[in-house]
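Protein sequences appear in the order of chains A and B.
Counting in this note's numbering, the first sequence runs from 1 upward without gaps.
Counting in this note's numbering, the second sequence runs from 1 upward without gaps.
Working notes, beginning with the structure itself.
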Amino acid sequence: MIKKKIAMLGAFAVGKTSLVQQYVHSIFSDKYQTTIGVKIDQKQITVADQDITLMLWDLYGDDDFMKMKPTYLIGASGYILVADGTRSETIEVAMQLQEMAAATTNNAPFLLIINKSDLSETWEIAPETILRMQQKGWIVLLTSAKKNLMVEEAFQKLASLMLNPY
Amino acid sequence: MEKETHQNIESIIEAGKMNELRKLLVGLNHEELERLQKLLNDPHEFSNEISSLLPYAIRKMVERGEISVDSLLPFVEESMHKSIQKNPQKLADILFPVMGPAIRKAVSEDLKRMIASINASLESGFSFRSLKWRLQAFTSRRSYAEIVMANSYLYHISNVFLIHKDSGILLHEASAPESKALEADLIASMLTAIRDFVQDSFSNAEKGTLDEIQFGSLKIQIEQGPYAVLAVVAEGQPPADYRVTLMETIEAIHFNLGLELEKFDGDTEYFKLADKFLQQCLIKQKKEKKQKAPYQLIFLLLLLIAGVGYFVLINYENKANFKRFITELEATPGYHISSSRMSFNKIYLKGLVDPLAEPVEEIMKRFQKIEPGTLQASFEGYLSTEPEILQRRAGLLLSPPEGVEMKIENNRLIISGTAAADWEQNLELKIAAIAGITGFDISGLNKKITDLQWIIPSIERHRFLFDINVVKLDSLQQIQFDSLVKAAVFLDAYNQLYSRNMAIYVRSYTNRNGNVAANERVATARAEGFITLLENAGVKKALLKSQVLFAEDLRETVSLRTVHFSVFDNKPISR
């Protein structure tokens, strides 16, 4: 059995919890996230005929009241950066978090998810910004937790990256 | 010559020097070097030499950790496997002295466990305590088994988790059979998160680790290793040295799976090997109880023994009673038992019984333990010749009057006492009719003369018919005559006993046809002739008187040649 720890990182209220809510097996209450800064869920997926158990560490969004604890990233085999497409500043937060995560996880594979793709009217992220990040070698996916767009694929993608990093 | 000798001496000195030089350089002399060379060239010698060192060397390597016992295991196991395949008997022979005691111990342990478990079931089956526990289980929404465990054990370890230290991923877990399944993966990760949270939050404090989390009676003990963490869920307070067990366990896991832990990339398959280490952490201790004897079991056994004892006793008593009854029956006159048996408290009898024997129901009444309905008898009738039955039969047929005694001796009936003479009439004939009596003796029987009621009829009933002018008895008449004589003797005895003067008319008959005087003369001669016969038989003359009657004077018709008798007092009575 393969088990991997992955972390969900991102600014406050970018929709991390919404992203995982319907896809995971959870026994803990959301309040843990605000008390100890992390909530752990479990997700079972299959990549290339290989069953993988993903232990999702949903880390508290970075904000003025509470800083994300880097300790929670230790031992992660991969991570998902989450930004909000309707708030361009969340991309900046994601980039800062990535620097810190890369150092802590020893350059583990990661994805950038720009969530809320269903809200096209208030969309703030310019295509150039996305292109720039892709040119840095980042994998960027646009998702909608609300409309269930690309969420499952995001987890699959990260899992296959973790299994075959090169 | 001298020069040659000198050279030789020099070469010897040279050789000695060389030897000395070699010894200084190598530390070995020539002989020792030669021995080493021989050792290296001869594989047999070489293997002999190192064979004594090899076991010591292996032990040293194990001690230094260069090889582990586990890495030697496959070789040992394979050798044993092959040995068994080749000749199973050999290993069986080797193990024989060990297996006997081991099996005995296992059996006795199992038996002890079984007794303890029966006793525990009896104890907690429907007790107040078990009801309390069920209520506790219901209100706390935990399983009954968990509540029993919590209450029965001083402590018990329900789950052991081996967790990867950095990622918090559960590598392996072991749980006690009676504990409920937990979301082990999530719990392991959350424990790691909590540990990280604590360490992060209190980083100013002294450098330390989270060793224990307590929640009510539940306790989570955590033992840290360089790459993995051992977390155990304990109910109650484990012993102080349990911490040492945890340390030793995490050390053993690191020792054996250190490389896999260091290079862990998410594959937990290897860590199944850690199972045996985790299992030894699953300990528990029952609450100290006073060494109580297994009263319930003893009580049950006693009850059983009492039941069996009662049954055996009753059975024995019934059998003894049955035997006594059969003995009594066989001893009872008039019974002949051919077969008897007892089955399920019923008595089955076969045999013969005399109609005069005491009824079997009466005999049964003497045995209180034998109920009337329990007898199934199949008797056939017969005539017993036992003295008691013969006496009863004689009594029934002869109805002896008071004053008469009867007894049986060698199947002969002995009658004694005094009886009225009429009872004695035809007594011999009656006795001869009794089955089983072969003879009799009535010499001891005295006749009792009371009145004339029987003497007169026994005289007057006689009739004798003769030819003309002949008074002579034939053989048949002789028997009647004897009976008459006997009765006449009784009359004489009566006269003497009671001072009476009873007499007998010997009557002869004629009619008035023709010469009446001649007729009368013939009739008188017949009567006189009969009196002479009686006198000759011993009857006193004074008792007898002849009388001639004319047929014309009589109301009844009589034969003229007959002789009749009539008893009268003092004077003849005309009829």
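Where a beta carbon is used, it is the ideal one built from N, C-alpha and C, also for glycine.
- Taking 7 Å as the threshold, the shortest C-beta distance from V38/A to chain B falls below it.
- Cβ neighbours of F379/B within its own chain (closer than 7 Å, five residues either side excluded): G351, L352 and V353.
- In the structure shown, L356/B falls within a coil segment according to DSSP collapsed to helix, strand and coil.
- Listed in chain order, the positions of the region 50 to 78 of chain A with a beta carbon within less than 8 Å of a beta carbon of chain B are I52, T53, M55, W57, K69, T71, Y72, I74, G75, A76 and S77.
- Between the region 103 to 119 of chain A and the region 76 to 88 of chain A there are three or more C-beta pairs closer than 8 Å, enough to call the two in contact.
- If you compare the alpha carbons of L9/A, L54/A and N148/A with that of D185/B, the shortest gap goes to L54/A.
- Straight across, the Cα-Cα distance linking Y23/A with S144/A is about 13 Å.
- Three or more Cβ pairs closer than 8 Å define a contact, and the region 390 to 405 of chain B meets that threshold against the region 413 to 428 of chain B.
- Its chain contains L484, A487, A488, L491, I504, F565 and V567 as the residues whose beta carbon lies nearer than 8 Å to that of I459/B, once the 5 sequence neighbours on both sides are disregarded; these appear in chain order.
- Close CB contacts of Q134/A within its chain, under the 7 Å cut and outside five residues either way in sequence, are with V140 (chain order).
- Restricting attention to A13/A, M8/A and A159/A, the CA atom closest to the CA of E89/A is found in A13/A.
- Within chain A, I2, K3, K4 and S77 have C-beta atoms less than 7 Å from the C-beta of G266/B, given in sequence order.
- In this structure the region 187 to 203 of chain B does not lie against the region 308 to 322 of chain B, because fewer than three pairs of beta carbons, one per stretch, are closer than 8 Å.
- The beta-bridge partner set that DSSP reports for A240/B is empty.
- At a beta-carbon threshold of 7 Å, the residues of chain B lying near Q42/A are D185 and L186, ordered along the chain.
- H156/B is positioned such that its CB atom lies no closer than 7 Å to that of F271/B.
- Secondary structure at V558/B: coil, using DSSP grouped into helix, strand and coil.
- The residues L39, in chain order, have a CB closer than 6 Å to that of E45/B in the same chain once the five nearest residues on each side in sequence are set aside.
- Between F161/B and A188/B, the beta carbon gap of about 5 Å places them in contact (Cβ cut-off 8 Å).
- Counting along the chain, the unbroken alpha helix (DSSP H) around K319/B starts and ends at Y295 to A331.
- Using a 10 angstroms sphere on the CB of M114/B, the tally of other CB atoms stays under 16, which defines it as exposed.
- For H336/B, DSSP records a beta bridge to L352/B.
- Burial is judged here by how many other beta carbons sit within 10 angstroms of a residue's own beta carbon; D474/B has fewer than 16 and is exposed.
- For I213/B, no Cβ of chain A is located within less than 7 Å of the residue's own Cβ.
- If you ignore the 5 residues before and after Y72/A, its C-beta comes within less than 6 Å of the C-beta of V38, W57 and L59, all in its own chain and listed in chain order.
- Residues of the same chain with a CB within less than 7 Å of the CB of M364/B, apart from the 5 flanking positions on each side, are I370, P372 and L375 in chain order.
- Taking C-alpha positions only, K147/A is separated from K4/A by approximately 27 Å.
- In this structure, G381/B keeps its C-beta atom at 7 Å or more from the C-beta atom of A357/B.
- Taking CB atoms only, I169/B has a neighbour in chain A less than 7 Å away.
- Taking CB atoms only, A181/B has no neighbour in chain A less than 7 Å away.
- When the alpha-carbon of A228/B is set against those of E63/B, P238/B and L170/B, the nearest one is in L170/B.
- Spatial neighbours of V20/A in its own chain (CB-CB distance under 7 Å, excluding positions within 5 residues in sequence) are listed in chain order as M8, D41, L56 and D58.
- Here L398/B has K430 as same chain residues with Cβ atoms under 7 Å from its own Cβ, once five neighbours each way along the sequence are excluded.
- I468/B sits exposed, since fewer than 16 C-beta atoms from the chains shown fall within 10 Å of its C-beta.
- Shown here for P238/B: same chain residues with a beta carbon closer than 6 Å to its own, the five before and five after excluded, namely Y155 in chain order.
- Judged by DSSP secondary structure, V160/B falls within the beta strand (DSSP E) whose first and last residues are Y153 to H164.
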